[in-house]
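Number of protein chains: 2
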Amino acid sequence: MSDPLGGNSKEQLKSYISRIESLEEEKKTFVDDIRDVYAEAKSAGFDPKVMRAIVRRRKDPDKAAELEALIETYMEALGPLRDTPLGAAAINGLRRTQ
Amino acid sequence: MSDPLGGNSKEQLKSYISRIESLEEEKKTFVDDIRDVYAEAKSAGFDPKVMRAIVRRRKDPDKAAELEALIETYMEALGPLRDTPLGAAAINGLRRTQ
Chain A
1 MSDPLGGNSK EQLKSYISRI ESLEEEKKTF VDDIRDVYAE AKSAGFDPKV MRAIVRRRKD
61 PDKAAELEAL IETYMEALGP LRDTPLGAAA INGLRRTQ
Chain B
99 MSDPLGGNSK EQLKSYISRI ESLEEEKKTF VDDIRDVYAE AKSAGFDPKV MRAIVRRRKD
159 PDKAAELEAL IETYMEALGP LRDTPLGAAA INGLRRTQ
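Laid out in structure tokens, this is it:
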């Protein structure tokens, strides 16, 4: 900006920051609500980690399928290694990215 | 859960996932709006990275002050090192966590 923070720029910046902060506030209510639903589901006996994985997969099934195929490929490459701690760690590391 | 996915559990799980997905949809509108405001501010000549740092600091001023104090301590400890690439990298790394 040619005029770093003089004149209009000050008011403009204040307005941007205040708009962002209001939107962040509103976003937070949904973040909190989502957390509450997971907590409620957990109380009902569902595993939140599994649910989060499902939500991620449903959001982007292609990416999920691609990762699943990669996991299979890596598992084949690892062969009997998959039953060692190192092999298991590699597989888990990959799964965790899903 | 005693009954992994039989009977009621199936419907219950469907309902949780659908509630989460609706909330995620609504959250997304705010995430998108926030991104738009940053883009608008950028067009007006403001640096989005600086703005994001400001939003973070205003959200948690105590944490920001604590980090700033730590940066000062580290800079003093580095002494003349601060002007070397390694020292500068260390200081930048710390700043980036803010």
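Chains as they are written, first to last, in this note's numbering: chain A, 1 to 98; chain B, 99 to 196. Every residue gets a Cβ at the ideal spot worked out from N, C-alpha and C, and that includes glycine. In this text, all values refer to a predicted model and were calculated from it rather than measured experimentally.
In terms of Cα proximity to residue 8/A, the closest of 160/B, 108/B, 142/B and 147/B is 142/B. Interface annotation, residue 62/A: not in contact with chain B, CB-CB separation never under 9 Å. Annotation note: the stretch 45 to 79 of chain A contains no uninterrupted beta strand (DSSP E) run of length 3 or greater. In the structure shown, residue 29/A adopts helical secondary structure according to DSSP, grouped into three states. Neighbourhood of residue 147/B in chain A, by CB distance below 7 Å: empty, with the nearest CB roughly 13 Å away. For residue 41/A, a Cβ of chain B is located within less than 9 Å of the residue's own Cβ.
Residue environment analysis places residue 50/A among the exposed positions, since fewer than 16 neighbouring C-beta atoms fall within 10 angstroms of its C-beta. Rounded to the nearest angstrom, the gap between the Cα atoms of residue 21/A and residue 53/A is 30 Å. Taken atom to atom, the span from the alpha-carbon of residue 18/A to that of residue 125/B is near 19 Å. Chain-ordered, the chain A residues with CB closer than 8 Å to the CB of residue 125/B read 27, 30, 31 and 34.
Per DSSP, residue 179/B lies in no alpha helix (DSSP H) segment and is marked neither H nor E. Using beta-carbon distances, residue 122/B counts as an interface residue toward chain A, with a partner under 9 Å. Between residue 57/A and residue 64/A, the alpha-carbon positions lie close to 5 Å from each other. At a beta-carbon threshold of 8 Å, none of the residues of chain A lie near residue 109/B; the nearest stands roughly 11 Å away. Among the residues facing chain A, residue 180/B is not included, as its CB has no counterpart in that chain under 9 Å away. Out of 159/B, 128/B, 138/B and 188/B, the CA that lies nearest to the CA of residue 12/A is found in 138/B. Across the set 113/B, 173/B and 185/B, the C-alpha of 113/B shows the shortest separation from the C-alpha of residue 46/A.
Ranking 130/B, 121/B, 131/B and 189/B by CA distance to the CA of residue 169/B puts 189/B first. At the C-beta level, residue 78/A and residue 87/A come within 9 Å of one another.
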